[in-house]
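Take a look at the structure set out below.
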Amino acid sequence: MRRYSITYFIGQSISGLLRNGVMSIASITVLMSCLIVMGSFALLVLNIDYNMENLGDLNTISAFVQTDTEYAEGEEALLAGALKAKNGAEFLGWSLDPNADAPTYAPGQKYTVNPADAKNGKITMYAIWSIKPQTANYGIVYDMSGVSIEGNPPVDNNRYNHGDEVVLADAPIPKLASNNFLGWSVVPGDASQLMKPGSIYKLNAGNAVCATVTLYAIWSNMPVISKYEIVYNPNRTEIEGSVPTQDRVLLMNIAEQVSKLDNIKRVDIITKEMALQQEKKRYEDYPEVIEILLSGKNPYPDNFLISYYDNDKVATLIYQLNQIDGIYKIRDRSDVAERIDSLKSGIIVVFSWFMILLFVVSIFIIMNTVKLAVFTRKQEISIMRYVGATNWFITLPFMLEGVFIGLISAGLAYLIEWYIYIYLQRMVISDTLQMIHIISFNSISKWLLVAFLAIGMLTGVVGSYISMRKYLKA
Amino acid sequence: MIDFRNVKKVYPNGTTALDGINLHIDDGEFVFIVGPSGAGKTTLMKLLLREERVTSGRLIVDEFDLVKMPERKVPYYRRQLGVVFQDFRLFPNKTVFENVAFAMRVVGEPASVIKKRVPTILSIVNLADKYNCYPTELSGGEQQRVALARALANNPRMIIADEPTGNIDPKMSLEIMNLLIKIHKRNKTVIVVTHEKTLVDYFQQRVVTIRDGRIVDDRMGGMF
Ligand SMILES: Nc1ncnc2c1ncn2[C@@H]1O[C@H](COP(=O)(O)OP(=O)(O)OP(=O)(O)O)[C@@H](O)[C@H]1O
Ligand SMILES: [Mg+2]
């Protein structure tokens, strides 16, 4: 068809709109309301999703772990898993003897605590490697034998060879005045080999373990030891990562048990150090505040962030978590998740019905508007038929009329939605001190406009098509 | 060429309007269709216009088989016909020019062609000076001439007029009839349904008489 036809069609449909004044306005109003409701619904649901995102994954549980890793005699302790040596040596296992050729304990094996293996309450597990490390010269370590002292224990960073003379450190001052420092000894608790502070000790390689000679403080009141700590020693081999500590081993062990439960999506370990780090980061701009709040201690326990799949089975999961040794407190957010879920589904149901209703009303009223337009032009249509007008020539103006109704409604709905949204946003923000975050209208405005125009046009076309259908026969 | 073969038309309500119609009209013929009220004359015209469908029998107009023709072809078939009604059926809000031009616009004729052709057609029906009038400003005879001009707009092969003089005074009726004869002389098939005894007798053309849905008489120079 020629250009004339296009102006003819548009002119016809606009004059149709004007001729049907009241009906057109009614159609536009209803369709506009329908679109506003749709838009509000979309924005609301988007906001709920967005806020859920803000809250983090709601399908999570925090499980707090008590890392009490001091063992009594006869208690079983799980040993750390494999280490990785930087020199490529293969890790064989753990041994109490640093010079052993074969390990006594496999990685991850259980060890029954025996006081005879302990020195000053510490049981040292030496890593045994496929390549024996070379013994270099020797270092000196001072051990306070479990007594609290004022200040830091003495440190000697020098390296010595066999037979070198070592000047022993000065006497440490115990916190309890009633406890007197007697001297140093290479054998823990053995007062018979006592050496005075400041005296000379001729380094004896026979006293060294792992190229280190430990000098144990001897006190007038030696603490009674009933709890034993396990420490790991990489045994003169440089390893990748850090040397395991027993509480880390315990944590890994619990994490493994947790991850074997049903309904578990993911288990993240958040160590007390990480927790402290996070908190410090939050107070980044106020380091004094965090200093005062924490007073140099780390009040955060180790914990797991457990993500799960099914919110319905969360009670079972919590029960199972409570059965695991070491987990002492569980914090779940299933109630929040549930509330938001039900809020969301409630909104969806109500709005869906409302939208369907309005949509049907819109179609119906547009149908009637077009029907009225057709009726007033009935004679014209019959003349067009006699002079050989094609169906689309006859129907196009009416379809366009529907499209115009749709487009005008969409445009108006968009502007109103925009205004309402920005107004509400301002109100909410000023009221709640930004506790609630609302997504900006701009971030979705493009999609909203496109959706509005599309739905508006579609409604117009469908409405007018339905009412035109019976006129499509000659 | 129009060919009715044993055509029967029964309306959905059961009325048999036409039955056993056999009628052949050649290209360029002029035919009066006459008969009493309710005989089925308008029904015959409606079948020709493909406004109604044949119940049984065959109806062929040139290369168009009206029984088999699909719905979407109907507009293109109708462009071969020019129709005139008793009640003119003009657009009251369009000028004479626009009413005639409209038929050409519907078939997508370019504006330049329309501009040239409309005045020519209006002069055929002796209305060249009234092109800017609205139908309400014209007499019945003039309105019917506008309708005739519109029927001629797309240069149809055939003119179908159902009681074109029914709403017009006798003097004007003669003028309309004269125009139809003039059109017939320009080599177009013209079919005119009428009650005007005197006119039929005067023009001495082929007359087909229908009564109770059947053709009872068909003769040259016939009378009522
Ligand atoms: N749409 C219709 N539905 C049912 N019956 C119809 C319809 N149109 C016409 N008829 C009937 O068909 C018969 C023929 O009607 P038609 O209009 O063809 O007569 P006519 O010869 O044109 O009469 P007139 O001279 O009065 O115009 C009549 O009995 C009429 O009642
Ligand atoms: Mg009739």
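Line by line, the protein sequences give chains A and B. Counting from 1241, one number per residue, gives the positions in the first sequence under this note's numbering. Counting from 73, one number per residue, gives the positions in the second sequence under this note's numbering. Heads up, the beta-carbon is just placed ideally off N, CA and C, and yes, glycines get one too. This structure is a prediction, so every number in the text was calculated from the model and none was measured.
Cβ neighbours of residue i in the same chain (closer than 7 Å, five flanking residues each side left out)
i               : result
residue 1389(A) : 1412, 1413, 1414 and 1415
residue 108(B)  : 283
residue 1523(A) : 1529 and 1530
residue 1696(A) : 1271, 1275, 1646, 1647, 1649 and 1650
C-beta contact flag for residue i and residue j at 8 Å
i               : j               : result
residue 1406(A) : residue 1382(A) : no
residue 1478(A) : residue 1327(A) : yes
residue 30(B)   : residue 249(B)  : The requested residue 30(B) does not occur in the structure, where chain B is confined to residues 73 to 296.
residue 1333(A) : residue 1368(A) : yes
residue 97(B)   : residue 261(B)  : yes
residue 1365(A) : residue 1465(A) : no
residue 1491(A) : residue 1504(A) : no
residue 244(B)  : residue 195(B)  : no
residue 218(B)  : residue 103(B)  : no
residue 1463(A) : residue 1387(A) : yes
residue 1646(A) : residue 1700(A) : yes
residue 204(B)  : residue 100(B)  : no
residue 1516(A) : residue 1543(A) : no
residue 189(B)  : residue 130(B)  : no
residue 1486(A) : residue 1303(A) : no
residue 1692(A) : residue 1629(A) : no
residue 216(B)  : residue 207(B)  : no
residue 138(B)  : residue 122(B)  : yes
residue 1472(A) : residue 1512(A) : no
residue 1437(A) : residue 1360(A) : no
residue 1499(A) : residue 1507(A) : yes
residue 1613(A) : residue 1259(A) : yes
residue 1418(A) : residue 1447(A) : no
residue 159(B)  : residue 239(B)  : yes
residue 1396(A) : residue 1380(A) : yes
residue 1627(A) : residue 178(B)  : yes
residue 1338(A) : residue 1449(A) : yes
residue 1433(A) : residue 1439(A) : no
residue 161(B)  : residue 1623(A) : yes
residue 1620(A) : residue 163(B)  : yes
Contacting residues, own chain, Cβ-Cβ under 6 Å from residue i (five flanking each side not counted)
i               : result
residue 1348(A) : 1321
residue 1384(A) : 1393 and 1457
residue 1300(A) : 1545 and 1547
residue 1673(A) : With a pLDDT of 44 at residue 1673(A), under the threshold of 50, the modelled position of this residue cannot be trusted; read the value that follows with caution. If we look at residue 1673(A) and ignore the five residues flanking it on each side, it has no Cβ neighbours.
residue 1401(A) : 1377
residue 230(B)  : 153 and 261
residue 1431(A) : 1458
residue 1263(A) : 1609 and 1612
Contacts around residue i, its chain only, beta-carbon distance under 8 Å, and the 5 residues preceding and following it disregarded
i               : result
residue 1595(A) : 1274, 1277, 1278 and 1281
residue 1350(A) : 1316, 1317, 1318 and 1319
residue 228(B)  : 151, 152, 153, 154 and 260
Residues in the stretch 137-152 of chain B having any Cβ partner in chain A nearer than 9 Å | 143, 144, 146, 147, 148, 149, 150, 151 and 152
Meets three-Cβ-pair contact criterion under 8 Å: the stretch 1563-1582 of chain A and the stretch 1243-1259 of chain A = no
Listed in chain order, which residues of the stretch 1620-1632 of chain A have Cβ atoms closer than 8 Å to some Cβ of chain B?
-> 1620, 1622, 1623, 1624, 1625, 1626, 1627, 1628, 1629, 1630 and 1631
When you check each C-beta in the stretch 177-193 of chain B against every C-beta of chain A, which residues fall closer than 8 Å?
-> 177, 178, 179, 180, 182 and 183
Note down, in chain order, all residues in the stretch 109-126 of chain B with a beta-carbon under 9 Å from any beta-carbon belonging to chain A.
-> 121, 122 and 123
Just jot down, in chain order, the residues whose CB lies closer than 6 Å to any heavy atom of ligand 1.
-> 83(B), 85(B), 87(B), 89(B), 107(B), 109(B), 110(B), 111(B), 112(B), 113(B), 114(B) and 115(B)
Hey, is the stretch 1255-1273 of chain A in contact with the stretch 1588-1604 of chain A, meaning 3+ C-beta pairs nearer than 8 Å?
-> yes
Sufficient close CB pairs (3 or more, under 8 Å) joining the stretch 114-124 of chain B to the stretch 222-237 of chain B | yes
Counting Cβ pairs, one atom from each stretch, are 3 or more of them under 8 Å apart for the stretch 1280-1287 of chain A and the stretch 1578-1596 of chain A?
-> yes
What residues in the stretch 150-173 of chain B have a beta carbon less than 7 Å from any beta carbon of chain A?
-> 150, 151, 155, 161 and 163
Contact the stretch 1632-1644 of chain A vs the stretch 1251-1260 of chain A: 3+ CB pairs below 8 Å | yes
Can at least three beta-carbon pairs, one atom from the stretch 74-84 of chain B and one from the stretch 1691-1711 of chain A, be found at a separation below 8 Å?
-> no
Should the stretch 182-200 of chain B be regarded as contacting the stretch 162-172 of chain B, the criterion being three or more beta carbon pairs within less than 8 Å?
-> yes
What are the residues of the stretch 1652-1671 of chain A that lie near chain B, defined by any Cβ-Cβ distance shorter than 9 Å?
-> none
Which residues, in chain order, does the stretch 1248-1265 of chain A contribute to contact with chain B at a C-beta distance below 8 Å?
-> 1248
Counting pairs of beta carbons, one from the stretch 1436-1456 of chain A and one from the stretch 1493-1504 of chain A, are three or more of them closer than 8 Å?
-> no
Interface residues of the stretch 215-237 of chain B facing chain A [CB-CB below 8 Å] | 222, 225 and 226
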